[in-house]
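Novice: The sequence shown begins at -14 in the numbering used here and counts up one residue at a time.
For reference, the structure I am asking about is given below.
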Amino acid sequence: MTIRNLEYMFRPRSIAVLGASNRPEAKGSVIMDNLLRGGFNGPIMPVDPDHLAVKGVYAYRDVESLPQVPELAVIAGEAEQIPDLVRRLGVRGTKAAIVIDSLVGALDQEGHRLNQEILAEARRHGMRLLGPDSVGVLVPHVGLNASFAHCDANKGKLAFVSQSSALCTAVLDWAEERKIGFSHFVALGEALDVDFADMLDYLGGDGGTTAILLYIEHIEDARKFISAARAAARNKPVLAIKTGRGIEGKSVASPDGPSSQGADEVYESALRRAGILRVRDIEEMFQAVETLSRSKPPKGDRMAIIANSGAIGMLAADALLDEGGKPADLAPETVAKLDAVLPRNWSRRNPLDILLTAGGERYAQALSILLEAPEVDSVLVMHAPGALTSATEVAMAVAETVKAGRKKPVATCWIGGSSVQAAREMFGASGLPTYDTPEAAVAATMHLIHHRRSQEILTETPSSKGIHFQPDTEHAKAVVRRALAAGQTRLNDRESKEVVAAYGIPTVPTALAADPEEAARKAQEMGLPVALKIWSEDITRKSDVGGVVLDLTTADEVRHAAEAMRTRVSSTFPQARIKGFLVQPMSRRTGAQELVLGVADDAVFGPVLVFGHGGTAVDVLADRAVALPPLNMNLARDLISQTRISRLLEGYADRPAADVDAIGVALCRISQMLVDIPQIRGMEINPLLVDSTGILALDVRVSVAECEGDRLAIRPYPKELEEEYTLEDGRVLLLRPIRPEDEPAHHEFHSRLSDDDIRFRHFGLVKAIPHVQMARLTQIDYDREMAIIATHGEETFGVARIALDPNLEHAEFAIIIRSDLKGLGIGSTLLDKVTNYCRDRGVKIIAGETMRENRGMIGLAKHLGFKIRHTEDGIVEMVKVLHGPGAEEQAAGE
-14 MTIRNLEYMF RPRSIAVLGA SNRPEAKGSV IMDNLLRGGF NGPIMPVDPD HLAVKGVYAY
46 RDVESLPQVP ELAVIAGEAE QIPDLVRRLG VRGTKAAIVI DSLVGALDQE GHRLNQEILA
106 EARRHGMRLL GPDSVGVLVP HVGLNASFAH CDANKGKLAF VSQSSALCTA VLDWAEERKI
166 GFSHFVALGE ALDVDFADML DYLGGDGGTT AILLYIEHIE DARKFISAAR AAARNKPVLA
226 IKTGRGIEGK SVASPDGPSS QGADEVYESA LRRAGILRVR DIEEMFQAVE TLSRSKPPKG
286 DRMAIIANSG AIGMLAADAL LDEGGKPADL APETVAKLDA VLPRNWSRRN PLDILLTAGG
346 ERYAQALSIL LEAPEVDSVL VMHAPGALTS ATEVAMAVAE TVKAGRKKPV ATCWIGGSSV
406 QAAREMFGAS GLPTYDTPEA AVAATMHLIH HRRSQEILTE TPSSKGIHFQ PDTEHAKAVV
466 RRALAAGQTR LNDRESKEVV AAYGIPTVPT ALAADPEEAA RKAQEMGLPV ALKIWSEDIT
526 RKSDVGGVVL DLTTADEVRH AAEAMRTRVS STFPQARIKG FLVQPMSRRT GAQELVLGVA
586 DDAVFGPVLV FGHGGTAVDV LADRAVALPP LNMNLARDLI SQTRISRLLE GYADRPAADV
646 DAIGVALCRI SQMLVDIPQI RGMEINPLLV DSTGILALDV RVSVAECEGD RLAIRPYPKE
706 LEEEYTLEDG RVLLLRPIRP EDEPAHHEFH SRLSDDDIRF RHFGLVKAIP HVQMARLTQI
766 DYDREMAIIA THGEETFGVA RIALDPNLEH AEFAIIIRSD LKGLGIGSTL LDKVTNYCRD
826 RGVKIIAGET MRENRGMIGL AKHLGFKIRH TEDGIVEMVK VLHGPGAEEQ AAGE
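Structure below.
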């Protein structure tokens, strides 16, 4: 239900407490105390049939006795009573409820039944539910403490959302000691209705929230979560702790088989794709928030370290390497400038040891030079107390230097106790982030780098390489359909290679042989030398059971090898059903790297792509990374870069660099295969050979299962919306959804618009659109918005945009046609297409605004059945009802 009616949960004007109590040990008693102490200025109505008053407030016997409809109800009753209480509240018109108690008792089945009853009653009346098993909600800025937490929350601009109720109370206690404040503090509990996605949508649009902090145990609706997270992360930092790193296991270890649970590495990839910064614990989370709020993101990841001790400087440098950061390599010009102001025996390298005698002036001079050095992206300034210098005086000099020319992020670390406390407080007052240890300071700066990188991923313009290809989708689908009809869960080697070859991935030819004699004959026909492999659907890794022999140069060698192989495999794996042998020509690529490329099926996020170091030691090396489809070339390269073997692919010694683009294209094509053929549940290409000339798939395994509709966590490009439109002059336009790769063409399109076109569209003159904004216009979330462009070849002729509200009740449209192409029917065709799109999505109302001078747009909307309303400020509203009251009348008037 997304954000519908959530305002009644977080900004209610009246509250009822069901299960209110005077017993000090009861949850209803704590809730009443918190509400009364919190300063809520609306009516608080306890419901208690046994007492005249609760906590001195007049009590009511039941929901029906309440003198007014409570906008929010807090329910702390017996589990069996809750479905009836929700029903009665819904009848009264209550729009939000917090269910405190857990409904899962001794019988899980009974708890599930109660959950479903509650949810059904809530949805019947449009009521939003938080919980069950929720500590409650705290919104300090409106005096709302609808919880049974043991303390209040301070006012602030951070929102904290957790699945764990116990952790909520611990974080509140932790934050109280450190004077950290919150805009919202929410315990989701079992998240029967309101979940992380709903909270991300609500808080992402909340002006009083500057950062969103999540404690995640599991995700139920992956697509909804990622869609909401990507939208929120574009507006403000979103940080998350995801527990269960070791418990959930490695579900992608066998890419051709389905997994049993969501693996941590898949969550890692999903959070990264959504633009969320993952942290390890509560303290790191709040440190990261402080760093992100006080520092600008660095342009790169090269850090310089200044310290008055070589020891603490090296501690920081070691921590930097452990975190994956890069120590800045000081340029000769920078060293020369430092030589001019530092003692002769300074370290003359990074980290800078400027000696224990360094006072404020020496620190300031060194810092000023590093802030100007082009090879330095960020600076960590460290200080150890000594008898010859003042920690506070040095801190003051550093703060003034940064204030005078703060062009790069600067973090500080004053090591010690009471002697450096005043310096730390001064840094806090001046807005400079400061940390107690070198490790914490380095980790904080790396947060800036990781967050910057996650934001870049959200807005990078991908290359169009690899997207313009025509796979033989029907042939691949036919292979899968035949296998499923025959009851297969795995394709054989030849079928597997047919599928990947249909998507343009080169494979080595394979002949199937039923016995050793046929294997020898096929080898001669194919041409020697050959590789011989066992053929059995029960064996996934042939080399593990002695099922591979290479470099067979004669037919007799093939025959003898086949006979020995059959005996060997039968002894090693007696339950395997051996169908025969696979015969392949030897593919000699001296110096080629062996990779693994595949697909795993995750229980939470659906299909995921796997890439890494391949060969027989694939599981031992465990050098792999995963990514959620769909992929473009940028995302494919990012996936490759996360592995250790990516460094070998760059070339070394006498080996030239491998064709990484060919790997990226293959990843993109397999990603498209998952969109086209959702029945593919797993795949492993191992080894995939790669060298400077390209790639070659040697062994391919594909597993399949019946499936309807896509199972991807991110909605793919909706190819079904593509259609052609013929202009009067015979030119054929393609109407299609916009792609991230369209950014260059969209800049060109914008440059050819007239000033009036731009003014009517943007309500002002926008001469040029910067990359970040244009990326948002071209890299859209197809679940939440739509942009249909009219294209002819590489040119864009026009675009119609739709922005959907999270509740799918209202859509706002905007349309613009290139100035020299008006009057050809492009505008009406685009507007009609997006209107039909909204109708199909179930949107109730589509509306747009324009200036009254834009007579062409107004006439077009009127022609397509939109109601026109002129406002006093010269804006014209164009509205069309698609579903609900008035829809039929408006449609009849078209």
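A virtual CB, placed ideally from N, CA and C, is assigned to each residue, including glycine.
1) For N100, does the three-state DSSP call read helix, strand or coil?
2) Judging by CA-CA distance, which residue of A690, N220, F181 and L157 is the nearest neighbour of D206?
3) Check whether the Cβ atoms of F590 and A698 lie closer than 7 Å to each other.
4) So, at 7 Å on beta carbons, what are the nonlocal neighbours of G882 in its own chain, with the 5 sequence-adjacent residues on each side left out?
5) Could you tell me which whole beta strand (DSSP E) segments of length 3 or greater appear in the segment 659 to 683?
6) Please state the DSSP three-state secondary structure of N130.
7) Cβ-heavy atom distance between T539 and the ligand ATP below 6 Å?
8) Assign A621 to one of three DSSP states: helix, strand, or coil.
9) Could you give the distance in angstroms between the alpha-carbon of P117 and the alpha-carbon of A61?
10) Just the Cα atoms here: how many angstroms apart are N617 and S626?
11) Can you look up D536 in the DSSP assignment and give me helix, strand or coil?
12) Out of R98, V39 and G78, point me to the one whose CA is closest to K65's CA.
13) Which full runs of the alpha helix (DSSP H) of 4+ residues lie inside the segment 531 to 586, going along the chain?
14) Return the chain-ordered list of same chain residues with a C-beta closer than 7 Å to the C-beta of D766, the five sequence neighbours on each side being excluded.
15) Only counting the same chain, and skipping five residues up and downstream in sequence, which positions put a Cβ closer than 6 Å to that of V251?
16) With DSSP as the reference, label H868 as helix, strand or coil.
17) If contacts are defined as beta-carbon pairs under 8 Å, then P514 and M571 qualify, I think. What distance do you get, rounded to the angstrom?
18) How many angstroms separate the CA atom of Q560 from the CA atom of G531?
19) Can you tell me the Cα-Cα spacing of D266 and L152, whole angstroms?
20) Is the separation between the beta-carbon of S656 and that of P722 shorter than 7 Å?
21) Starting from the C-beta of H598, find all residues in its chain whose C-beta is less than 6 Å away, skip the five residues before and the five after it, and write them out in chain order.
22) List in chain order: all unbroken beta strand (DSSP E) runs of 3+ residues lying wholly within the segment 715 to 777.
23) Any idea if N821 is buried or exposed, counting beta-carbon neighbours within 10 angstroms, 16 or more meaning buried?
24) What whole-angstrom Cβ distance do I860 and M836 have, given they're in contact under 8 Å?
25) How far does the beta strand (DSSP E) with V685 in it extend, from its first residue to its last?
26) Report all residues from its chain with a CB closer than 7 Å to the CB of K322; omit the five preceding and five following residues, and keep chain order.
27) Starting from H368, follow the alpha helix (DSSP H) in both directions and report where the run begins and ends.
28) By DSSP's criteria, T397 is part of a beta bridge. Which residues make up the other side?
29) Need the endpoints of the beta strand (DSSP E) that I801 sits in, please.
30) Would a C-beta distance cut-off of 7 Å place M367 and C398 closer than the cut-off?
31) What number of angstroms, rounded off, separates the C-alpha of E780 from the C-alpha of R258?
32) Closest to F25 by CA distance: which of L815, P(-3), S804 and A44 is it?
33) Tell me the start and end of each unbroken beta strand (DSSP E) in the segment 136 to 198 that is at least 3 residues and wholly inside, in chain order.
34) Bridge partners for P52 per DSSP, in chain order?
35) Does the contact criterion of 3 or more C-beta pairs under 8 Å hold for the segment 715 to 730 versus the segment 660 to 669?
36) Let's test the definition: count the other Cβ atoms within 10 Å of the Cβ of V237 and tell me whether it reaches 16, buried, or not, exposed.
Specialist: On the basis of the coordinates in this document:
1) When secondary structure is reduced to three states using DSSP, N100 falls in the helix class.
2) Taking each of A690, N220, F181 and L157 in turn and checking the Cα distance to D206, the smallest one comes out for F181.
3) Going by C-beta atoms, F590 is nearer than 7 Å to A698.
4) Only positions -14 to 879 of the chain appear in this structure, which leaves residue 882 out of reach.
5) List check, beta strand (DSSP E) in window: 665 to 676 and 679 to 682.
6) Here N130 sits in strand by DSSP.
7) This structure simply doesn't include the ligand ATP, nor any ligand for that matter.
8) Residue state, collapsed to three classes: helix.
9) Distance between the alpha carbons of P117 and A61 is about 10 Å.
10) Between N617 and S626, the C-alpha separation is close to 14 Å.
11) Of the three classes helix, strand and coil, the one that applies to D536 here is strand, per DSSP.
12) Correcting the residue type first, residue 65 is Glu in the shown sequence and not Lys. Among R98, V39 and G78, the Cα nearest to that of E65 belongs to R98.
13) As far as the segment 531 to 586 is concerned, its whole alpha helix (DSSP H) runs of at least 4 residues are 540 to 557.
14) Once the five neighbours on either side are set aside, the close Cβ partners of D766 are S212, R215 and A216.
15) Within the same chain, V251 has close Cβ partners D587, F590, V593 and V611.
16) Coil.
17) In this structure, P514 and M571 form a Cβ contact; the two beta carbons are roughly 5 Å apart against a cut-off of 8 Å.
18) Q560 and G531 have their C-alpha atoms some 15 Å from each other.
19) Their Cα atoms are separated by approximately 11 Å.
20) No, they are not a contact pair.
21) Non-local beta-carbon contacts of H598 in its own chain, meaning distances under 6 Å to residues more than five positions away in sequence, involve L606, D608 and I630 in chain order.
22) If one requires a minimum length of 3 residues, the beta strand (DSSP E) runs lying completely within the segment 715 to 777 are 717 to 722 and 770 to 777, in chain order.
23) With a threshold of 16 other beta carbon atoms within 10 Å, N821 falls short and is exposed.
24) Contact flag correct, Cβ pair sits at about 7 Å.
25) Element bounds for V685: V685 to V689.
26) So the list reads I354, once near-sequence residues are dropped.
27) It is not in any alpha helix (DSSP H) - H368 instead sits in the beta strand (DSSP E) that spans S363 to H368.
28) In the DSSP secondary-structure assignment, T397 is bridged to V366 and T419.
29) I801 -> beta strand (DSSP E) spans H795 to I802.
30) Annotated as proximal: M367 and C398, with beta-carbon spacing under 7 Å.
31) The alpha-carbon atoms of E780 and R258 are separated by roughly 30 Å.
32) Distances from the CA of F25 to each of L815, P(-3), S804 and A44 were compared; the closest alpha carbon is that of P(-3).
33) You should have 139 to 147 and 166 to 172.
34) According to DSSP, P52 bridges with nothing at all.
35) Too few Cβ pairs lie closer than 8 Å, so no.
36) Residue confidence for V237 is low, a pLDDT of 46 falling below 50, so the modelled location carries little weight; the figure read from the coordinates is stated next. Buried is the call here.
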